[in-house]
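**Q** One gets my numbering by counting positions in the sequence shown from 1 and adding 2 to each.
Below are the structure tokens for one structure; questions will follow.
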Amino acid sequence: MSDIKSEQHGLSRRSFLGTAAASGAGIAGAGILGLAGCSPKEEGQAAASAAKADSPASAAAHDASVVGPGELDQYYGFLSGGQSGEVRLIGLPSMRELMRIPVFNMDSATGWGRTNESLKIINAHNTAETNAFLKASGLRCMPNGDLHHPHLSFTDGTYDGRYAYANDKANNRVCRINLSIMKTDRIIEIPNASGIHGLRLQRYPKTGYVFANGEHIKPVSGVGSLADEKTWNAVYTAIDGETMEIAWQVLVDGNLDNGDADYQGKYSFATCYNSERALTVQGMTANEQDWCVVFDLAAIEAGIKAGDFKEVNGVKMLDGRAEANSKYTRYIPVPNSPHGCNASPDGKYIMLNGKLSPTVTVVDVSKLDDLFAGKIKERDVVVAEPQLGLGPLHTAFDGRGNAYTTLFIDSQMVKWNIEDAIKAYKGEKVDPIRQKLDVHYQPGHNHSTMGETKEADGKYLVSLNKFSKDRFLNAGPLKPECDQLIDISGDEMVLVHDNPTFAEPHDLCLVAASKVNPSKTWDRQRDAWWWQDAEEQAKKDGVDLTKAAKVVREGNKVRVYMTAVAPAFSVPQFEVNQGDEVTVYVTNVETIEDLTHGFTLEGHGIAMEIGPQQTSSVTFIAARPGVHWYYCQWFCHALHMEMAGQMIVKPK
Ligand code: CUK
Ligand code: CUA
């Protein structure tokens, strides 16, 4: 395995690093863990040669990513924020960050996780256990999340610009982002499953189902026993993308990792790295082969109709375990602890990335009917298994028959031809590998423009690298990640740009700009659901939110209604008693774009965004006697500093 060389640079630091990593590893194939086997001296030498090797190519092609002042990008990128819990919107090819969309985090700028409107969305579908936990902990909402996989809704195999969905591995949640306002509009917690990780969508006829993999095995109510981990299971979940209700769950064996769905609307897939059902690294990596679980969607729907399920914590759960010999699932053996799972844009193949095996396993989707009918065996659906390099994690496509796989240990992108890989598997003497390109360093996901749709256009590929090491000015012990842009429009991949990113992009979607059309301001009619509670309360108080300047007292509850028009709040001062429960409603009545106001109340942990035509509200206890200024925290006018007021809190 260690003789795979970089075609571009001969035996560069990558093969060197890969060799060191592989030989430093104690257990077979666990070279990923062996990265620590690379000494600082080796890293330094290697880095110097890498910088030299790359400079001609990057300099020559640098222009390709320059989008001048005032010019617009051609693609949106929906980038995961990993353990930052947010989604980031970037532009391609400039790789400029356009926006951050808070989801599973709390956000100081917009008040996400603090405003009444955001808390309602965040907490609306918590399980009873989570609500009890929040209460016991004195938390308003889960303050963190680990967002890996943002993906956009489909109609007929391509993006329809309606929604994005993403997972939270840390707190077992799935979100939906409404692309017209670029805000999270639903968050649901998934019961029964643990470690919601892989997330992909039904492509055909539309989304449809949102498929979410439960990564961690645990005792599932009514099936597993705490005392015996061999009875623990993972749970695969299908969510209705329109209602955001859980349609069904399937009980499966082994830790589910990543997933995808076909282009025909018949099957979905999930890789598994722990067929051993072990709880330790040694145990999980013991087998030479793990598997990919295939789900037969029509069979599952028929099973639900026929009542072949158990209701577990309010969810319909079918039995798809390996030993159950279920009609709902098949387990395809795949070497070795496979990770990424990617459908090719021609709709023909599913790529299963070997991670601890240097191979990608290619499954022919057209053979799955026969597999489920019992006419062929599991491995008969495999039509290629090219050996590509060390640590294949994820694969992207150019729509011209080529695949691009990230090699984590080799720190490379490998371009290979799918049909040649199939010929080689049949025994023909062809080499499917077209090119290997160094990336910096240790790539995880990659994604090509429109590459997970039938409209894959083969223009750009982004490599999301886990380590930046020496690539940027040292930022301290915690280094940024490194996102790299690769031009794939020609015969050769060319690295054109890289930039640092904060913790920690896993995945992204690259969408033609024409597919997404966000609004320029909020729409009081269309978006009324956002401030529905405020509207109802205002009606009871005889207040029109868009004209309000009113303080309403009801016992120890105080409601303050105001508008924001540059450069003033309609209520410049209000008075409450210490201990009152105060709700402030602010409506921004500006009609022009980019005139966002804010409301920050000093000393109360409160700040919120109020976009043009939006209403935002926040509730708090006036526990601190004295004078507390509130001010607009979005620079909106020459008199922005003067856009302020005072809350007077009279002591008890
Ligand atoms: S996983 Cu991160 S590199 Cu969560 Cu998609 Cu593969
Ligand atoms: Cu309104 Cu600053």
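No residue lacks a Cβ here, since even glycine has one placed at the ideal position from N, Cα and C.
(1) Helix, strand or coil: how does DSSP classify Gln-85 here?
(2) How many whole angstroms separate the CB atoms of Gln-486 and Ser-465, which I take to be in contact at a CB cut-off of 8 Å?
(3) For Arg-528, which option in Gln-615, Ala-240, Thr-186 and Ala-326 has the closest C-alpha, if you only look at C-alpha atoms?
(4) Count the C-beta pairs between the segment 151 to 160 and the segment 78 to 89 that are closer than 8 Å, then say yes if the count reaches three, no if not.
(5) What do you reckon, is the C-beta of Leu-395 under 7 Å from a heavy atom of ligand 1?
(6) Does the beta carbon of Asp-412 fall short of 7 Å from some heavy atom of ligand 1?
(7) Between the C-alpha atoms of Trp-631 and Glu-604, what's the straight-line distance to the nearest angstrom?
(8) Which parts of the segment 382 to 450 are runs of the alpha helix (DSSP H), unbroken and 4 residues or longer, counting only runs that do not cross its ends?
(9) Is it the case that the segment 400 to 420 contacts the segment 301 to 308, given that we only count it when at least three CB pairs across the two stretches are under 8 Å?
(10) According to DSSP, is Ala-134 helix, strand or coil?
(11) Drop a sphere of 10 angstroms on the beta-carbon of Gln-204, count the other beta-carbons inside from all chains shown, and report buried for 16 or more, exposed for fewer.
(12) Check the DSSP bridge columns for Gln-486 and list the partner residues they point to.
(13) Per DSSP, what are the beta-bridge partners of Thr-523 in this structure?
(14) Just list the beta strand (DSSP E) runs in the segment 230 to 277, keeping only unbroken ones of 3 residues or longer that don't cross its boundaries, in chain order.
(15) Under 8 Å, with one C-beta from each stretch per pair, do the segment 500 to 516 and the segment 478 to 485 reach the 3-pair mark?
(16) Is Arg-323 buried or exposed, if buried means 16 or more other CB atoms sit within 10 Å of its CB?
(17) Could you compute how far the alpha carbon of Val-365 sits from the alpha carbon of Met-452?
(18) Out of Glu-457, Phe-297, Leu-299 and Gln-251, state which residue places its alpha-carbon closest to the alpha-carbon of Gly-316.
(19) Beta carbon of Pro-569: closer than 7 Å to some heavy atom of ligand 2?
(20) Tell me, please, which residues DSSP counts as bridged to Trp-660.
(21) Secondary structure at Asn-118, three-state DSSP: helix, strand or coil?
(22) Where do the ends of the beta strand (DSSP E) carrying Phe-601 lie?
(23) Where does Ala-375 fall in DSSP's three states?
(24) Are the CB atoms of His-218 and Ala-229 nearer to each other than 8 Å?
(25) Quick one: is Gly-46 buried, meaning 16 or more other Cβ sit within 10 Å of its Cβ, or exposed?
(26) Are there 16 or more other CB atoms within 10 angstroms of the CB of Gln-539, so buried, or fewer, so exposed?
(27) Could you tell me the alpha carbon to alpha carbon distance between Ala-195 and Glu-247, rounded to whole angstroms?
(28) Just how far apart, CA to CA, sit Asp-543 and Arg-555?
(29) Please report the distance separating the alpha-carbon of Pro-340 from that of Tyr-275.
(30) Would you say the beta carbon of Trp-636 is closer than 7 Å to some non-hydrogen atom of ligand 2?
(31) Can you give me the C-alpha to C-alpha distance between Leu-136 and Asn-215, rounded to a whole angstrom?
(32) The beta strand (DSSP E) with Gly-647 in it runs from where to where?
(33) Going by C-alpha to C-alpha distance, which of Arg-102, Gly-267 and Thr-186 sits closest to Ser-120?
(34) Let me check understanding here. Comparing Cα to Cα, which of Asp-321, Ala-66 and Val-584 lies closest to Leu-2?
(35) Measuring CA to CA, which of Arg-188, Lys-171 and Trp-533 is closest to Gly-197?
(36) For the alpha helix (DSSP H) that contains Gln-534, what are its first and last residues?
**A** Here's the rundown:
(1) As a first step, residue 85 must be located in the sequence shown, where it is residue number 83. Note: Gln-85 maps to coil in three-state DSSP.
(2) Within the sequence shown, residue 486 is the residue found at index 484, counting from 1. Within the sequence shown, residue 465 is the residue found at index 463, counting from 1. That pair is a contact at about 5 Å.
(3) Along the sequence shown, one-based indexing puts residue 528 at 526. It is Gln-615 whose Cα lies nearest to the Cα of Arg-528.
(4) yes
(5) In the sequence shown, residue 395 corresponds to position 393, counting from 1. Under cutoff, so the answer is yes.
(6) Mapped onto the sequence shown, residue 412 falls at position 410. No, Cβ of Asp-412 sits at least 7 Å from all heavy atoms of ligand 1.
(7) Here residue 631 refers to the residue found at position 629 when the sequence shown is read from its first residue. Here residue 604 refers to the residue found at position 602 when the sequence shown is read from its first residue. So the two alpha carbons sit approximately 6 Å from each other.
(8) 420 to 427
(9) no
(10) Translated into positions along the sequence shown, residue 134 becomes position 132. The answer is helix: DSSP assigns Ala-134 an H, G or I state.
(11) Position 202 of the sequence shown, counting from 1, holds the residue named residue 204. Flag for Gln-204 reads buried.
(12) Sequence index remark: in the sequence shown, residue 486 carries index 484 (1-based). Note: Gln-486 sits in a beta bridge opposite Ser-465 and Asp-500.
(13) Position 521 of the sequence shown, counted from the start, is the residue given in the question as residue 523. Answer is none; Thr-523 lacks a bridge partner.
(14) 236 to 242, 248 to 254, 258 to 263 and 269 to 274
(15) yes
(16) In the sequence shown, counting from the first residue as 1, residue 323 sits at position 321. Flag for Arg-323 reads buried.
(17) Taking the sequence shown and counting its residues from 1, one reaches residue 365 at position 363. Taking the sequence shown and counting its residues from 1, one reaches residue 452 at position 450. Rounded to the nearest angstrom, the two C-alpha atoms are 22 Å apart.
(18) Residue numbering aside, residue 316 sits at position 314 when the sequence shown is read from its first letter. Closest by alpha carbon: Gln-251.
(19) Here the question's residue 569 lines up with position 567 in the sequence shown. Result yes, Cβ under 7 Å from ligand 2.
(20) An answer regarding residue 660 cannot be provided, because it is not within the stretch 3 to 654 covered by the chain.
(21) Working through the sequence shown from its first residue, we reach residue 118 at position 116. Asn-118: helix per DSSP, three-state reduction.
(22) Reading the sequence shown from its first residue, position 599 is the one you call residue 601. It spans 599 to 603 - the beta strand (DSSP E) in which Phe-601 sits, taken as one unbroken run.
(23) Position 373 of the sequence shown, counted from the first residue, corresponds to residue 375. Coil at Ala-375, not helix or strand.
(24) Position 216 of the sequence shown, counted from the first residue, corresponds to residue 218. Position 227 of the sequence shown, counted from the first residue, corresponds to residue 229. No, the pair does not count as a contact, with Cβ atoms beyond the cut-off.
(25) In the sequence shown, the residue the question calls residue 46 occupies position 44. Its pLDDT being 40, under 50, Gly-46 is placed unreliably in this model, and the value from its coordinates should be taken loosely. When all chains shown are included, Gly-46 counts as exposed.
(26) If you number the sequence shown from 1, residue 539 lands on position 537. When all chains shown are included, Gln-539 counts as buried.
(27) Within the sequence shown, the letter at position 193 stands for residue 195. Within the sequence shown, the letter at position 245 stands for residue 247. If you take the alpha carbons of Ala-195 and Glu-247, they lie about 15 Å apart.
(28) Taking the sequence shown and counting its residues from 1, the one referred to as residue 543 is at position 541. Taking the sequence shown and counting its residues from 1, the one referred to as residue 555 is at position 553. Rounded to the nearest angstrom, the two C-alpha atoms are 10 Å apart.
(29) Position 338 of the sequence shown, counting from 1, holds the residue named residue 340. Position 273 of the sequence shown, counting from 1, holds the residue named residue 275. Cα-Cα distance, rounded: 6 Å.
(30) Against the sequence shown, residue 636 aligns to sequence position 634. For ligand 2, at least one heavy atom lies less than 7 Å from the Cβ of Trp-636.
(31) As a first step, residue 136 is located in the sequence shown; it is residue number 134 there, counting from the start. As a first step, residue 215 is located in the sequence shown; it is residue number 213 there, counting from the start. Cα to Cα, the separation comes out at about 25 Å.
(32) On the sequence shown, residue 647 is found 645 positions in, with the first residue counted as 1. First-last of the beta strand (DSSP E) with Gly-647: 646 to 652.
(33) Along the sequence shown, one-based indexing puts residue 120 at 118. Nearest option by C-alpha distance: Thr-186.
(34) It is not possible to answer for residue 2, since the shown part of the chain is limited to 3 through 654.
(35) By 1-based counting over the sequence shown, the position of residue 197 is 195. Among Arg-188, Lys-171 and Trp-533, the Cα nearest to that of Gly-197 is on Lys-171.
(36) Locating residue 534 in the sequence shown gives position 532, where the first residue counts as 1. First-last of the alpha helix (DSSP H) with Gln-534: 534 to 542.
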